[in-house]
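A short worksheet on the structure shown next.
Residue numbers (my numbering): 181 to 295.
Okay, structure coming up:
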């Protein structure tokens with residue numbers, strides 16, 4: 181059974197940084213593109229960043245220059261480094277993989293940016 185687990189969220193002041201991590205069980209994460217989404221209350225989940233199995237990355241314009249996605253294939257983790265956070269980044273963040281015609285979601289990790 182595929183399970184994804186996101187972690188690393190928390191409360192941070194504007195301008196601060198957080199690093200989110202995603203690990204998987206029942207799946208060899210390094211073989212798949214991993215997406216990071218975020219969801220603000222009462223809104224749909226929105227794609228933030230992706231990293232392909234070969235390491236190619238894509239970061240949405242809204243966070244470009246502040247967010248970086250990376251993977252450690254030895255540890256089997258995918259990370260989202262978030263710098264210069266602002267209150268508009270407050271959301272639940274989810275890692276996700278699509279395979280076999282199905283999208284798997286990790287449990288969201290809450291990021292709150294507030295002074």
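No residue lacks a Cβ here, since even glycine has one placed at the ideal position from N, Cα and C.
This structure is a prediction, so every number in the text was calculated from the model and none was measured.
Taking DSSP's pairing of strands, which residues face residue i in a bridge?
i           : result
residue 222 : According to DSSP, residue 222 bridges with nothing at all.
residue 244 : Per DSSP, none; premise fails for residue 244.
residue 271 : 291
residue 181 : Answer is none; residue 181 lacks a bridge partner.
Could you name the residues of the same chain whose beta carbon sits closer than 8 angstroms to that of residue i, not counting the 5 residues immediately before and after it, in chain order?
i           : result
residue 233 : 210, 211, 212, 213
residue 194 : 265, 266, 267, 293, 294, 295
Would DSSP call residue i helix, strand or coil?
i           : result
residue 255 : coil
residue 209 : helix
residue 264 : coil
residue 193 : coil
Apart from the five residues on each side of it in sequence, which residues of its chain come closer than 7 angstroms, Cβ to Cβ, to residue i?
i           : result
residue 183 : 204, 205, 206
Apart from the five residues just before and just after residue i, which ones in its own chain have a Cβ nearer than 6 angstroms to its Cβ?
i           : result
residue 253 : 210
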